[in-house]
Every structure is written in structure tokens, then in C-alpha cells.
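For reference, the structure is listed below as C-alpha cells.
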Amino acid sequence: MDSNENIETFLYLSNNKFTINVFSKLNKKIIFKDKLIFDFNQKKFDRDSLIKFLNKNIFKIEKKFDCFINYLNLIIDSDNFNYTNISIKKNLDGDILSKKNQLLLISDLKLEFQNNYNDWILAHLIINNYLVDNVILEKIDNNIKCQNFSIEAKFISILKKDLIFYQEILKQYQITINKIIDGRYIKNFFLNQNLDECEMGLRILSGANPNEVFFVKKKYKISGFFEKFFKLFS
């Protein structure tokens, strides 16, 4: 079997439903889907039910597409996520507001989060607002000169110990977690849209929210009005 280079797998977990979707990387279409809906809303996450659900579906998917699922994107719908707003300011002394300055400030924001919340794993970094000389702007003009530039961002994170719980279960199937997604965040973002949670997750990771920032190790890519950073958080 090959690795899962041509498919993208999303697993959604809540206290009343599990869903697994497989998408074609070629056209983003759903090519496999299964779900388990509980007759009652569980007060506690049911580990045994998840293992049965994965036993049923992981091997079925791998056989159907003749490939191993080495990783998946995990959507967790719970109140275990923490929402933190952090702002940072840079004095440019009249210099041009360049993309480099923007990226450096975002990197400093992330470092600030890591230094103060080292027991938490970052799931989402979302820009709340930008201020250029204390004026809020909806779009950044990279050619303007300014004295001060600041960014306020929302950090959505989950405790490392909570993430380890899911990692240990998936490790039984030789699967690692590619990205963690907050289920409540994506449902609020796509409110009143006819999408299931895995479709929401795919769209979020494809840049549906232009204010969300994604990092890659030692490399950044920008597009849009902060331009969207896809890829794995470093």
C-alpha cells in the first residue's frame, strides 16, 4: 500500500456524534463518509465507542483506496479549547509597512503565546484587527509609511494533556494528527451553511477565513489580506 498522498482525512468528535470523511485532494470532493450518532448526549467522551468506530472505518478506508492513513485532521467539538487575545506593537519610525514587518510581528505574537502558555497547543491563530498609527484598517497597504503598527490576535488552543489522549488512541492505528481544529469555532464561522463539520474543517484549512494565520517550519507563505498561511503549525 502507498501512503495517503491523494486523500485527505478528517475525523470529527463530539459527545453526541463521530464523523469521518475522506476527500480527494484532486477536487476536494467527499469520496468516503461514515458517522455514528448517539441516542443521547453523553456527558463524557466515550473512548470505547471511538475505538469501535475507528476499527470499523480505518481499515475499510485503507482497503478501499489501497493506501495507509498516516495522518488525519482532528476536529474536536468541546469546551476544552481556550480563547486568548494577545496584542503586540512595533515602532516603525516612519518606515514603510512591509510584508516582512507584518510577518515578524506575527512571529513575535506566536512567540509571546508560546512563552506564556507552554502547556497549551495552538490550534488557530486569528487576526482580530490591525492598527496603523492607531487607525483600524480592514486591509493592509504595504506601501504606506507609519510610526506604529500593531496587531491583536485570537489564539485558540488545547491543553497538551488533552491532546495526548487523542494521540494515544490514534497511535494504535499508526496515525498521527496533522492539524487540530476547534469544532465550535468552525461551526460559528459557517453558521447557517449546509455543511457537515468535516467539510467545514476542510474549508477552514483551505483558507476560508482570510484572517486566520497558518505557519510552516522555517517558512512562511502569505496571500490575501494577511494572506493565508496554510500548512502545519511549527
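According to our numbering, the sequence shown is numbered sequentially starting from 239.
All C-beta atoms, glycine included, are put in the ideal place defined by N, C-alpha and C.
Asked	Found
Close Cβ partners of residue 247 (< 6 Å) along its chain, the five nearest in sequence each way excluded	260, 307 and 310
Alpha-carbon spacing of residue 372 relative to residue 392, whole angstroms	19 Å
Chain C within 7 Å of residue 394, Cβ atoms only	Chain labels in this structure do not include chain C; a single protein chain is all it has.
Touching by the beta-carbon criterion (3+ pairs, under 8 Å), the region 319-333 and the region 292-299	no
Given 8 Å, three or more beta-carbon pairs between the region 373-387 and the region 346-358	no
C-beta contact flag for residue 451 and residue 344 at 7 Å	yes
Residue closest to residue 481, alpha-carbon to alpha-carbon, out of 252, 418 and 414	For residue 481 there is no data in the structure shown, the boundaries of the chain being 239 and 472.
For residue 384, the three-state DSSP class (helix, strand or coil)	coil
Distance between residue 408 and residue 243 (C-alpha atoms, nearest Å)	19 Å
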